[in-house]
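Below: the structure, in structure tokens.
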Amino acid sequence: MRTGGPAMAAPEESLRRRKAGNAGAEPGSPPGRGPGREPTGCNAHLRAGTFWLTRIVLLRALAFVYFVAFLVAFHQNKQLIGDRGLLPCRTYLKSVQQYFRGPVGWDAVSYAPTLLWLLDWSHMDSNLDTLALLGLGVSSFVLLTGCANMALMATLWVLYMSLVNVGQIWYSFGWESQLLETGFLGIFLCPLWSLSRLPTGTPPSQIVLWGFRWLIFRIMLGAGLIKIRGDQCWRDLTCMDFHYETQPVPNPMAYFLHQSPWWVHRFETLSNHFLELVVPFFLFLGRRMCTLHGVLQILFQAVLIISGNLSFLNWLTMVPSVACFDDATLGFLFPSGPGGLKDRVLKLQEEAARGLRPPPRYGCMVRQAVHVALGILVAWLSVPVVVNLLSPTQVMNTSFNPLRIVNTYGAFGSITKERTEVILQGTASLNASMPDAVWEDYEFKCKPGDPGRRLCLISPYHYRLDWLMWFAAFQTYEHHEWILYLAGKLLANDATALSLLALNPFENRAPPSARHLTWDGPVLCGPLLLEDRHHGEPKNVTGHRHWPRLGPKTERFLPPTVPLGFWCNYSHCSPRVPVTLGAVPDLGEMALLHSRC
Numbered sequence: 001m002r003t004g005g006p007a008m009a010a011p012e013e014s015l016r017r018r019k020a021g022n023a024g025a026e027p028g029s030p031p032g033r034g035p036g037r038e039p040t041g042c043n044a045h046l047r048a049g050t051f052w053l054t055r056i057v058l059l060r061a062l063a064f065v066y067f068v069a070f071l072v073a074f075h076q077n078k079q080l081i082g083d084r085g086l087l088p089c090r091t092y093l094k095s096v097q098q099y100f101r102g103p104v105g106w107d108a109v110s111y112a113p114t115l116l117w118l119l120d121w122s123h124m125d126s127n128l129d130t131l132a133l134l135g136l137g138v139s140s141f142v143l144l145t146g147c148a149n150m151a152l153m154a155t156l157w158v159l160y161m162s163l164v165n166v167g168q169i170w171y172s173f174g175w176e177s178q179l180l181e182t183g184f185l186g187i188f189l190c191p192l193w194s195l196s197r198l199p200t201g202t203p204p205s206q207i208v209l210w211g212f213r214w215l216i217f218r219i220m221l222g223a224g225l226i227k228i229r230g231d232q233c234w235r236d237l238t239c240m241d242f243h244y245e246t247q248p249v250p251n252p253m254a255y256f257l258h259q260s261p262w263w264v265h266r267f268e269t270l271s272n273h274f275l276e277l278v279v280p281f282f283l284f285l286g287r288r289m290c291t292l293h294g295v296l297q298i299l300f301q302a303v304l305i306i307s308g309n310l311s312f313l314n315w316l317t318m319v320p321s322v323a324c325f326d327d328a329t330l331g332f333l334f335p336s337g338p339g340g341l342k343d344r345v346l347k348l349q350e351e352a353a354r355g356l357r358p359p360p361r362y363g364c365m366v367r368q369a370v371h372v373a374l375g376i377l378v379a380w381l382s383v384p385v386v387v388n389l390l391s392p393t394q395v396m397n398t399s400f401n402p403l404r405i406v407n408t409y410g411a412f413g414s415i416t417k418e419r420t421e422v423i424l425q426g427t428a429s430l431n432a433s434m435p436d437a438v439w440e441d442y443e444f445k446c447k448p449g450d451p452g453r454r455l456c457l458i459s460p461y462h463y464r465l466d467w468l469m470w471f472a473a474f475q476t477y478e479h480h481e482w483i484l485y486l487a488g489k490l491l492a493n494d495a496t497a498l499s500l501l502a503l504n505p506f507e508n509r510a511p512p513s514a515r516h517l518t519w520d521g522p523v524l525c526g527p528l529l530l531e532d533r534h535h536g537e538p539k540n541v542t543g544h545r546h547w548p549r550l551g552p553k554t555e556r557f558l559p560p561t562v563p564l565g566f567w568c569n570y571s572h573c574s575p576r577v578p579v580t581l582g583a584v585p586d587l588g589e590m591a592l593l594h595s596r597c
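For the sequence shown, counting from 1, position 555 maps to 555 in the UniProt record's numbering; every step adds exactly one.
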């Protein structure tokens with residue numbers, strides 16, 4: 001009996017030690033945690049259902065997209081909408097003011113809400129730079145610290161809205177409205193003034209979180225429905241046979257993805273339909289399915305980022321998906337240890353589990369009322385959006401209110417089956433109509449041009465002019481007035497406009513003379529930039545072709561200028577009926593006058 005005594009006593013003794021170790025602990029605390037003892041990385045397990053860490057991740061992700069957007073604005077606004085830009089915003093604001101016939105009033109401000117109404121228009125370049133630099137500064141602070149309040153987020157929203165509403169066609173892309181809607185919701189995710197990352201008195205609002213989920217639901221479902229209702233190739237699963245080569249600004253991976261077997265393209269199209277038409281409904285099927293939705297959508301956007309230069313669109317679409325995750329899901333992103341964010345969230349969860357909530361305050365009640373009002377506003381503004389989603393004549397990337405709080409979305413409802421490029425060329429020949437005239441290409445920074453140049457990889461950054469050149473190739477110059485102004489700037493060797501390009505063949509030569517500008521003469525036969533799916537091979541950067549030119553086949557896009565002039569060629573890979581431009585007697589004069597503004 002004695003030989004078994006110590007062995008039999010060991011469990012009882014161990015039990016007494018465990019009880020002593022837990023003596024004095026608060027009811028509901030984990031075993032082994034006495035008063036004043038901090039949780040460690042081994043036993044700190046976050047509970048589901050809170051969103052403290054979610055708010056930090058979401059705000060940082062949103063700040064990153066804001067930073068990129070303001071960086072693009074700072075680098076390109078002067079060339080596009082500045083004092084000597086292609087479409088000066090000062091001229092645009094004057095036209096809005098003249099339309100409403102009088103001094104700047106509510107009608108003009110509500111039509112184009114922007115802080116520029118309040119600033120001195122004689123220094124528009126400085127105004128645009130100031131707005132962009134302020135946005136860069138505020139977004140950098142939020143991105144680096146994870147701290148934000150309503151004042152900072154509202155500042156970012158107002159600054160970017162001020163640029164979008166004077167950006168004209170340069171800011172007409174769907175991601176501009178999407179950023180404004182996402183940023184508007186981000187304002188109400190934060191406390192009013194506190195810059196604490198864990199403001200204990202203002203937990204993230206469920207209404208705001210569901211606002212983000214409602215946003216990603218509409219984005220994905222709208223994109224899926226516009227495809228099913230649009231191009232036949234989405235229904236017969238062949239769109240991905242063409243997408244990689246005909247997308248606006250392909251990246252180096254696009255070539256290899258385009259070469260995938262046919263069954264891979266069918267799988268890609270089916271997966272796209274599943275992710276855009278089925279997965280969005282996972283949001284309403286409980287926590288686990290909501291989390292799965294967030295994971296799938298973020299992975300989907302990552303694949304799209306790899307496959308093309310789609311600006312910051314896909315990065316931005318990831319932001320509302322973060323609202324699908326709670327603290328228990330995102331805890332792995334934060335280090336464990338006493339005093340860390342993860343540890344502090346665990347304390348907040350334990351206090352809430354014990355019913356130790358701060359007493360209600362007047363500010364909290366006002367905040368709750370504001371969130372309820374926000375929910376009602378979003379629901380009310382969603383009515384035309386939902387009607388549009390259900391309509392067989394669905395339109396995409398449309399705003400129904402000047403502040404762009406709730407919008408419609410969609411992408412690639414139709415897929416072009418051949419790649420068409422506008423090739424800009426100039427000549428210094430005294431007689432441009434002669435066969436021996438030498439025409440030299442202007443190269444863009446990212447738009448496909450020289451087939452020996454490697455395709456660019458710039459996402460989430462993007463070049464607005466390069467994107468619009470893709471749209472310009474679908475129509476003639478009458479639908480794209482800005483290209484006439486670009487022609488005038490190039491004729492004048494304007495340094496501001498030329499900074500938008502990668503190569504100016506006349507950099508060290510005198511600009512073309514306006515005295516010799518005419519608008520008749522032969523049209524240059526320009527080749528098409530298009531990958532040959534069956535014969536094209538990816539090459540290196542030592543002068544070999546990445547996207548072989550097929551042709552020559554040409555249509556008239558813009559009347560050529562001769563002599564010492566400039567030509568803009570409309571090239572494609574299959575015969576079409578030539579476009580008849582008719583008489584345009586003031587075309588050359590208009591382009592040159594604009595270049596001198």
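Backbone N, C-alpha and C define an ideal beta-carbon position, used for all residues, glycine too.
| Asked | Found |
| --- | --- |
| Start-to-end residues for the alpha helix (DSSP H) that takes in GLN349 | 341-353 |
| For ILE207 and GLY375, believed in contact at Cβ under 8 Å, the rounded distance | 5 Å |
| Beta carbon of SER269 nearer than 8 Å to that of LEU237 | Note that residue 269 is Thr in the sequence shown here, rather than Ser. The answer is yes: Cβ separation under 8 Å. |
| DSSP three-state assignment for PHE444, whether helix, strand or coil | strand |
| Inter-stretch contact (C-beta, 8 Å, three-pair minimum) for the region 447-457 and the region 411-427 | yes |
| TYR255 versus ALA369 - alpha carbon distance | 53 Å |
| Where ALA148 sits in the DSSP three-state scheme | coil |
| Integer Cβ distance of residue 598 from ALA502, believed to fall under 8 Å | With the chain running from 1 to 597 in the structure shown, residue 598 is simply not present. |
| Any 3 or more C-beta pairs closer than 8 Å across the region 118-125 and the region 208-218 | no |
| Which of helix, strand or coil DSSP assigns to LEU209 | helix |
| Contact the region 100-117 vs the region 157-164: 3+ CB pairs below 8 Å | yes |
| Where the alpha helix (DSSP H) containing ASN186 begins and where it ends | In the sequence on display, residue 186 carries Gly and not Asn. That run of the alpha helix (DSSP H) goes 174-187. |
| Same chain, Cβ closer than 7 Å to LEU304, neighbours up to 5 away in sequence not counted | LEU310 and ASN314 |
| Three-state class that DSSP yields for GLU481 in the structure shown | coil |
| Backbone secondary structure at ALA437 - three-state DSSP | coil |
| Integer-rounded CB distance, given that ALA148 should sit under 8 Å from VAL142 | 5 Å |
| Continuous alpha helix (DSSP H) stretch holding LEU277: start and end | 262-277 |
| Inter-residue CB distance, PHE282 and HIS293 (contact presumed, cutoff 8 Å) | 4 Å |
| Contacting residues, own chain, Cβ-Cβ under 6 Å from PRO203 (five flanking each side not counted) | none |
| Residue span of the alpha helix (DSSP H) that contains ALA473, given as start and end | Careful: ALA473 lies outside any alpha helix (DSSP H) and carries neither H nor E. |
| Own chain residues within Cβ distance below 6 Å of THR246, not counting five before or after | THR416 and ARG419 |
| Counterpart residues of ASN407 in DSSP-defined beta bridges | SER399 |
| Classification of THR408 by the beta-carbon crowding that lies within 10 angstroms, buried from 16 upward | buried |
| Among MET153, VAL345 and LEU192, the one whose alpha carbon lies nearest that of ARG60 | MET153 |
| The region 465-475 / the region 49-60 touching (three or more Cβ pairs under 8 Å) | no |
| Between the CA atoms of CYS456 and GLY340 - distance to the nearest angstrom | 41 Å |
| Alpha-carbon spacing of GLU26 relative to ARG354, whole angstroms | Note that GLU26 scores a pLDDT of 42, beneath 50, so its modelled location is shaky; the value from the coordinates is reported in the next line. For GLU26 and ARG354, the distance between alpha carbons rounds to 9 Å. |
| Burial state of GLN76 (16 or more Cβ within 10 Å) | buried |
| TYR99 classed as buried or exposed, judged by whether at least 16 other C-beta atoms fall within 10 angstroms | exposed |
| Reference VAL345; option with closest CA among MET434, PRO359 and ALA328 | ALA328 |
| CB contact flag (GLY413, ASP231, <8 Å) | yes |
| Local conformation of ALA502 per DSSP, three classes | strand |
| Unbroken alpha helix (DSSP H) run spanning CYS89, endpoints | 89-99 |
| Close beta carbons around ARG509, own chain, < 7 Å, minus the five adjacent residues each side | ALA428 |
| Member of ALA132, THR155, ALA492 and ASP241 whose CA lies at the smallest distance from the CA of TRP193 | THR155 |
| Exposure label - TRP263; buried when at least 16 CB within 10 Å | exposed |
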